[in-house]
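Worksheet for the structure shown next.
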Amino acid sequence: MLSISGEAQNLAEEKNMNPKSKDKRSKRDLHFLNDDGMVICNHRDPEAAHRAEVEGIATENIASVTCKKCWEFMGKKRGV
Ligand SMILES: [Zn+2]
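Residue numbers (the working numbering): 574 to 653.
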């Protein structure tokens with residue numbers, strides 16, 4: 574019955590793989606709003622900007638942006 578104890582161990586390890594779940598708000602990325610009020614990683618979609626603002630996942634504070642795409646776009650802009 575070694576396989577059973579092995580499965581139990583796998584389950585325990587899976588649980589440990591989600592340390593972020595203790596803070597439910599952190600699962601949502603914060604997006605950066607540009608001067609036009611658009612989400613920078615989706616700057617051609619006004620609906621995305623509206624959604625982000627309504628859901629409180631958009632910020633003008635660059636330091637609190639967690640969206641990787643937004644950072645990529647900011648990096649590209651900086652490089653131009
Ligand atoms: Zn984004």
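Using N, Cα and C, we set each Cβ at its ideal position, and we do this for glycine too.
Look at valine 612 here: in three-state DSSP terms it is strand. At least 9 Å separates the beta-carbon of isoleucine 635 from that of histidine 604.
The C-alpha of serine 637 is placed about 14 Å away from the C-alpha of isoleucine 613. If you check the C-beta of isoleucine 635 against ligand 1, you find no heavy atom less than 8 Å away. Put simply, of Phe646, Lys641 and Gly610 the residue whose alpha carbon is nearest the alpha carbon of glutamate 626 is Gly610.
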